[in-house]
Amino acid sequence: MNNSVTNTARLLWAGLRALLVLTLVTGVIYPLAVTGVAQALFHDKANGSEITSDGKVVGSSLIGQSYNLPLKKGQETPDPDLQWFQGRPANGLGANSINTQYKLILSGATNLSADNKDLIQQVKDAKAAVVKDNSVSGYTVKPQDVPADAVTSSGSGLDPNISPAYAELQVHRVAAKNGLTVAQVQKLVDEHTDGRTLGFIGEPRVNVLELNIALKDLVAKK
Amino acid sequence: MGPVLAGVLQLLALIGALALVYVPLGTYMARVYSADKHWRVERWIYKGIGANPDTEMTWTAYLRGVLAFSVVGVLFLYLLQRLQGVLPGSLGFDSVNPAQSFNTAVSFVTNTNWQSYYGEQTMGHVVQTAGLAVQNFVSAAVGIAVAVALVRGFARSRTGELGNFWADLVRGTLRILVPGAAIAAIVLVACGAIQNFSGIHEVGQFMGGSQQWNGGAVASQEAIKEFGTNGGGYFNANSAHPFENPNAFTNLFEIFLILVIPFALTRTFGVMVGSVRQGYAILATMATIWLGFTALMMWTEFAHHGPALQAAGGAMEGKEVRFGVGGSSIFAVATTLTSTGAVDSFHSSFTGLGGGITMLSMMLGEIAPGGTGSGLYGMLIMAVIAVFIAGLMVGRTPEYLGKKIGTREIKLAACYILVTPALVLVFTAASMALSTPPHSMLNSGAHGFSEVLYAFTSAANNNGSAFAGLNANTDWYNTMTGFAMLLGRFLPMIFVLALAGSLAEQKPVPETAGTLRTEKPLFTGLLVGAILIITGLTYFPALALGPLAEGLAS
Numbered sequence: 002m003n004n005s006v007t008n009t010a011r012l013l014w015a016g017l018r019a020l021l022v023l024t025l026v027t028g029v030i031y032p033l034a035v036t037g038v039a040q041a042l043f044h045d046k047a048n049g050s051e052i053t054s055d056g057k058v059v060g061s062s063l064i065g066q067s068y069n070l071p072l073k074k075g076q077e078t079p080d081p082d083l084q085w086f087q088g089r090p091a092n093g094l095g096a097n098s099i100n101t102q103y104k105l106i107l108s109g110a111t112n113l114s115a116d117n118k119d120l121i122q123q124v125k126d127a128k129a130a131v132v133k134d135n136s137v138s139g140y141t142v143k144p145q146d147v148p149a150d151a152v153t154s155s156g157s158g159l160d161p162n163i164s165p166a167y168a169e170l171q172v173h174r175v176a177a178k179n180g181l182t183v184a185q186v187q188k189l190v191d192e193h194t195d196g197r198t199l200g201f202i203g204e205p206r207v208n209v210l211e212l213n214i215a216l217k218d219l220v221a222k223k
Numbered sequence: 058m059g060p061v062l063a064g065v066l067q068l069l070a071l072i073g074a075l076a077l078v079y080v081p082l083g084t085y086m087a088r089v090y091s092a093d094k095h096w097r098v099e100r101w102i103y104k105g106i107g108a109n110p111d112t113e114m115t116w117t118a119y120l121r122g123v124l125a126f127s128v129v130g131v132l133f134l135y136l137l138q139r140l141q142g143v144l145p146g147s148l149g150f151d152s153v154n155p156a157q158s159f160n161t162a163v164s165f166v167t168n169t170n171w172q173s174y175y176g177e178q179t180m181g182h183v184v185q186t187a188g189l190a191v192q193n194f195v196s197a198a199v200g201i202a203v204a205v206a207l208v209r210g211f212a213r214s215r216t217g218e219l220g221n222f223w224a225d226l227v228r229g230t231l232r233i234l235v236p237g238a239a240i241a242a243i244v245l246v247a248c249g250a251i252q253n254f255s256g257i258h259e260v261g262q263f264m265g266g267s268q269q270w271n272g273g274a275v276a277s278q279e280a281i282k283e284f285g286t287n288g289g290g291y292f293n294a295n296s297a298h299p300f301e302n303p304n305a306f307t308n309l310f311e312i313f314l315i316l317v318i319p320f321a322l323t324r325t326f327g328v329m330v331g332s333v334r335q336g337y338a339i340l341a342t343m344a345t346i347w348l349g350f351t352a353l354m355m356w357t358e359f360a361h362h363g364p365a366l367q368a369a370g371g372a373m374e375g376k377e378v379r380f381g382v383g384g385s386s387i388f389a390v391a392t393t394l395t396s397t398g399a400v401d402s403f404h405s406s407f408t409g410l411g412g413g414i415t416m417l418s419m420m421l422g423e424i425a426p427g428g429t430g431s432g433l434y435g436m437l438i439m440a441v442i443a444v445f446i447a448g449l450m451v452g453r454t455p456e457y458l459g460k461k462i463g464t465r466e467i468k469l470a471a472c473y474i475l476v477t478p479a480l481v482l483v484f485t486a487a488s489m490a491l492s493t494p495p496h497s498m499l500n501s502g503a504h505g506f507s508e509v510l511y512a513f514t515s516a517a518n519n520n521g522s523a524f525a526g527l528n529a530n531t532d533w534y535n536t537m538t539g540f541a542m543l544l545g546r547f548l549p550m551i552f553v554l555a556l557a558g559s560l561a562e563q564k565p566v567p568e569t570a571g572t573l574r575t576e577k578p579l580f581t582g583l584l585v586g587a588i589l590i591i592t593g594l595t596y597f598p599a600l601a602l603g604p605l606a607e608g609l610a611s
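These protein sequence lines are chains C and V, in that order.
FYI, in my numbering the residues of the first sequence are 2 to 223.
FYI, in my numbering the residues of the second sequence are 58 to 611.
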């Protein structure tokens, strides 16, 4: 009995020493070495691909933002600022509930199922809003023309992209709101549309933040 | 080019990349576990552990090593979280509560990486890199070690010796996982994944004001999270988060990382048992199931049945534009057919049948190709069962790789395949029968049941993905999924190592005209059939209440 207790203790001690040594290798040396190389070779990317406009950091090219008007009194959800291109809905985003000294954005999805009544309603409401917001004089959006990404929340809630179809659908509205011609705005969208990587990886996309920065520059030049 | 064709081409590119590294990586791994020489740094480590790496272990000694190392791992990770509030480098985050610390510690040590916490608001730098990421490495190395011990059981005869656990653990970590993860991490950073220690900081916004971001050693953790089939995200959104998975190329690259070791281990197995064609037969079985499931997933997701998806005009809820439906479908199948559980899109919002495919993938026992190590040993257990069934059909004593599958062997294999279904069904039934656990469901009806079934399927099979609407941060789920993970990891390992010991003691049976040719396509067909039928019969009633009911209604 005594013998087996000693043996077990000896075994656990070996296990602990193994864990500590491997923690040193994989939990200290490895992340520090990778950080060193990453910071030396890919400094901007390793720090979040920040993007500037007029000399100020306005976010990351990888992280989606909202382009809303300030919240009015009594309002729970702000209205979109239709001057700017709009990203995807983000109904799965949360705010931090613990360690509340910070105001962190919690990435996430809605996790609502395909037969969930709330999700059906969210999609219908979003579609109606997209149709209404983007129909301007001389250009009417038909419900069947609204692409799926315009009315669904992404997995992260931080999707930086929209589909080219959703960007094109917003061109007439953005042109009208900013006093630009449709051709000018269309050209901007075309310049900011990325195809599939190597022609087949992923889906074509438009980065909303980069597009809005370019739009802002164009408006400023006018 | 349409999205369907692009999806198929991505799948083909993935197959090409995996085929390219299959032989070199598989052969290299066989050499790692067969080499006589130790690296100098390894000698230092063995000195630190106080173990002689050349001592051969019986299956019981090997098992004791696995269990001792894992017990210490759980305790260490538990304490690290409980003490987070007073440790430096924790971003000022509080300590994690006891139930959640237990759940998370078990989760990472068992290679499950189920997360009942939100990464960005709960875990500081120290817990993430020195706690969670470390277990990403070593839990994967333990899995491979156990698989290698089983392979040695087939390869050796008239001995009780299965190798040395400490040597296998250290070599797997140092010679396979660390170099692979380091390269992968740099590739990810080059594509935009973040890698810094800047903590939480303010970043300006386009519309004015600012937002708070977590910095962190994300790329280094992301790399081993996929390469070691772990799956625990730095952020809550896991590999859907742009800082973990910035673009469509990294998405495909991460799928490659998930699959590469489990597939290549079949080559390692072939080399070590002296017949690479035996490895090809196992590979063909894994690949058949993987491709079949991926095709089914793409079909159902592109068809987007379900009222909300029909209203939206596509299955984009919970999916990122840059990956699209194709890339997300490939990822979802790869992550659930292995023990990974990372997600680049949220399975709860998939079509009813798509969600069902992710569950069925796990229920197969994660063997096509499965987790690092656990996939290979799980599949070899199924091969033993298939050989046994074939033996019954022709009335011969079954044998596999020159070893008799006798009473003891088949009992151990049968115990193995009973463990996880028992855990999944009992815990799910208990959760449904009690009064409070169902309150955790986000969705109602069949999908609500699926959330609970998914949770215990994921935990008992050590996957870690979720129908994440379920609020799993309750004492019931933290505790019960914790037990499901522990038992689902270590009971099967006990049976595997006992089987390995039993096989190693046998003397080889000479091959005769009546021997079942287990390297032939016929055997692959038999094996695929056995896997699908056994799993189907076990889980059909549960699946019928959840995903099938949802999928067929829409």
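Idealized CB from N, CA, C, for every residue including glycine.
Note that the structure is a prediction, hence the values are computed from the model and not measured.
Item to complete: Taking only runs that begin and end inside the stretch 150–191 of chain C, name each unbroken alpha helix (DSSP H) of 4 or more residues, in chain order.
Response: DSSP runs (the alpha helix (DSSP H)) wholly in the stretch 150–191 of chain C: 165–179.
Fill in: Minimum C-alpha distance to V:Asn-271 - residue among V:Leu-75, V:Arg-465 and V:Glu-177
Of V:Leu-75, V:Arg-465 and V:Glu-177, the smallest CA-CA separation from V:Asn-271 is found for V:Glu-177.
Discussion item. Is there a Cβ of chain V sitting closer than 8 Å to that of C:Arg-197, yes or no?
Written reply: Cβ-Cβ to chain V under 8 Å: yes for C:Arg-197.
Worksheet item: When burial is assigned at 16 or more other CB atoms within 10 Å of the CB, is C:Thr-36 buried or exposed?
Response: That one is buried.
Item to complete: Please check the pair V:Ala-541 and V:Phe-484, which I expect to be a contact at CB under 8 Å, by giving their CB distance rounded to whole angstroms.
Response: Contact between V:Ala-541 and V:Phe-484 is confirmed by a C-beta separation of about 5 Å, below the 8 Å threshold.
Worksheet item: Counting contacts by CB-CB distance shorter than 8 Å, is C:Lys-1 in contact with chain V?
Response: A question about residue 1 of chain C goes unanswered here, because the residues of chain C that appear run from 2 up to 223.
Discussion item. Our contact map puts V:Phe-165 next to V:Ser-196 with C-beta atoms below 8 Å; I'd like the distance itself, whole angstroms only.
Written reply: Indeed, because the Cβ distance is near 7 Å, the residues count as touching under 8 Å.
Worksheet item: Residues bridged to C:Val-58 by DSSP?
Response: Answer is C:Thr-53.
Worksheet entry | C:Asp-1 at chain V interface by Cβ criterion, 8 Å | With chain C covering only 2 through 223, there is no way to say anything about residue 1 of chain C.
Discussion item. When you compare the stretch 336–354 of chain V with the stretch 580–590 of chain V, are there three or more beta-carbon pairs, one atom per stretch, that lie closer than 8 Å?
Written reply: Cβ pair count under 8 Å is three or more, so yes.
Worksheet item: What do you reckon, are the CB atoms on C:Gly-109 and C:Gly-93 nearer than 8 Å?
Response: Closer than 8 Å, so yes.
Worksheet item: For C:Tyr-140, which beta-bridge partners are listed by DSSP?
Response: Checking the DSSP bridge columns, you'll see C:Tyr-140 partnered with C:Val-137.
Item to complete: List the residues of chain C whose Cβ lies closer than 8 Å to the Cβ of V:Arg-121, in chain order.
Response: Those are Leu-12, listed as they occur along chain C.
Discussion item. If distances are taken between C-alpha atoms only, which option among V:Ala-190, V:Pro-549, V:Met-498 and V:Asn-253 comes closest to V:Ala-529?
Written reply: Comparing C-alpha distances from V:Ala-529 to each of V:Ala-190, V:Pro-549, V:Met-498 and V:Asn-253 shows the shortest one belongs to V:Met-498.
Worksheet item: Over what stretch of residues does the alpha helix (DSSP H) that includes V:His-258 continue unbroken?
Response: From DSSP, V:His-258 is part of no alpha helix (DSSP H) but of the beta strand (DSSP E) over 257–261.
Discussion item. Please tell me whether C:Val-152 has its Cβ less than 8 Å away from any Cβ of chain V.
Written reply: In terms of beta-carbon proximity, C:Val-152 lines the interface with chain V, with at least one pair separated by less than 8 Å.
Item to complete: Express the C-alpha separation of C:Thr-141 and C:Asn-135 in angstroms, rounding to a whole number.
Response: Spanning the two alpha carbons is a distance of roughly 8 Å.
Worksheet item: For the beta strand (DSSP E) that C:Arg-206 lies in, which residues bound it at each end?
Response: Element bounds for C:Arg-206: 206–208.
Worksheet item: For C:Leu-95 versus V:Gly-375, is the C-beta distance shorter than 8 Å?
Response: The sequence shown places Gly at residue 95 of chain C, rather than the Leu named in the question. No, these two residues do not count as a Cβ contact at 8 Å.
Worksheet item: Distance, Cα to Cα, V:Phe-403 vs V:Ala-276?
Response: Roughly 21 Å between the two C-alpha positions.
Practice prompt. Could you list which residues in chain V have their beta carbon closer than 7 Å to that of C:Glu-169, in chain order?
Written response: Within chain V, no residue comes near C:Glu-169; the closest Cβ sits about 14 Å away, beyond 7 Å.
Practice prompt. Check each candidate in C:Leu-70, C:Arg-197 and C:Lys-104 and name the one with the smallest Cα separation from V:Phe-263.
Written response: Of C:Leu-70, C:Arg-197 and C:Lys-104, the residue nearest in Cα terms is C:Leu-70.
Discussion item. Given a cut-off of 8 Å on the beta-carbon distance, is the pair V:Val-444 and V:Ile-462 in contact?
Written reply: In contact: V:Val-444 and V:Ile-462 (Cβ atoms closer than 8 Å).
Discussion item. Bridge partners for C:Ile-106 per DSSP, in chain order?
Written reply: C:Ala-96, per the DSSP bridge assignment.
Practice prompt. Can you tell me which of C:Gly-75, C:Pro-205, C:Val-207 and C:Val-190 puts its alpha carbon nearest to the alpha carbon of C:Leu-219?
Written response: Ranked by Cα distance from C:Leu-219, the options C:Gly-75, C:Pro-205, C:Val-207 and C:Val-190 are led by C:Val-190.
Practice prompt. Determine the chain C residues that contact V:His-496 at a beta-carbon separation under 9 Å, and present them in chain order.
Written response: Chain-order list of chain C residues neighbouring V:His-496: empty, with the shortest C-beta distance near 16 Å, by a criterion of under 9 Å.
Worksheet entry | the stretch 358–386 of chain V: positions lying closer than 7 Å to chain C by Cβ | Residues of the stretch 358–386 of chain V with a C-beta atom less than 7 Å from some C-beta of chain C are Gly-363, Pro-364, Ala-365, Leu-366, Ala-368, Ala-369, Gly-370, Gly-371, Met-373, Glu-374, Gly-375, Lys-376, Glu-377, Val-378, Arg-379, Phe-380, Gly-381 and Gly-384, listed in chain order.
Practice prompt. Please classify C:Gln-145: is it buried, with 16 or more other beta-carbons within 10 angstroms of its beta-carbon, or exposed?
Written response: It counts as exposed.
Worksheet item: Counting contacts by CB-CB distance shorter than 8 Å, is C:Asp-134 in contact with chain V?
Response: Taking 8 Å as the threshold, the shortest C-beta distance from C:Asp-134 to chain V does not fall below it.
Item to complete: For V:His-298, collect the residues of the same chain with a Cβ closer than 8 Å to its Cβ; drop the 5 residues on either side in sequence, then sort them by chain order.
Response: If we look at V:His-298 and ignore the five residues flanking it on each side, its Cβ neighbours are Gly-290, Tyr-291 and Phe-292.
Worksheet entry | Buried or exposed by the 16-neighbour rule on C-beta atoms within 10 Å, applied to C:His-173 | With a 10 Å radius around the Cβ and a threshold of 16 neighbouring Cβ atoms, C:His-173 comes out buried.
Worksheet entry | Cross-strand partners of V:Tyr-457 (DSSP beta bridge) | Paired residue(s): V:Lys-460.
Worksheet item: To which residues does DSSP link C:Thr-198 through a beta bridge?
Response: C:Ile-202, per the DSSP bridge assignment.
Fill in: Neighbour flag for V:Asp-111 against chain C, beta carbons, 8 Å
So, not an interface residue.
Worksheet item: Counting only runs that start and end within the stretch 356–419 of chain V, where is the alpha helix (DSSP H) found for 4 or more residues in a row?
Response: Counting whole runs of 4 or more residues, the stretch 356–419 of chain V contains the alpha helix (DSSP H) stretches 364–369 and 381–394.
Item to complete: List the residues of chain V that C:Tyr-68 touches, going by C-beta distances under 9 Å, in chain order.
Response: Correct list: Phe-263 and Met-264.
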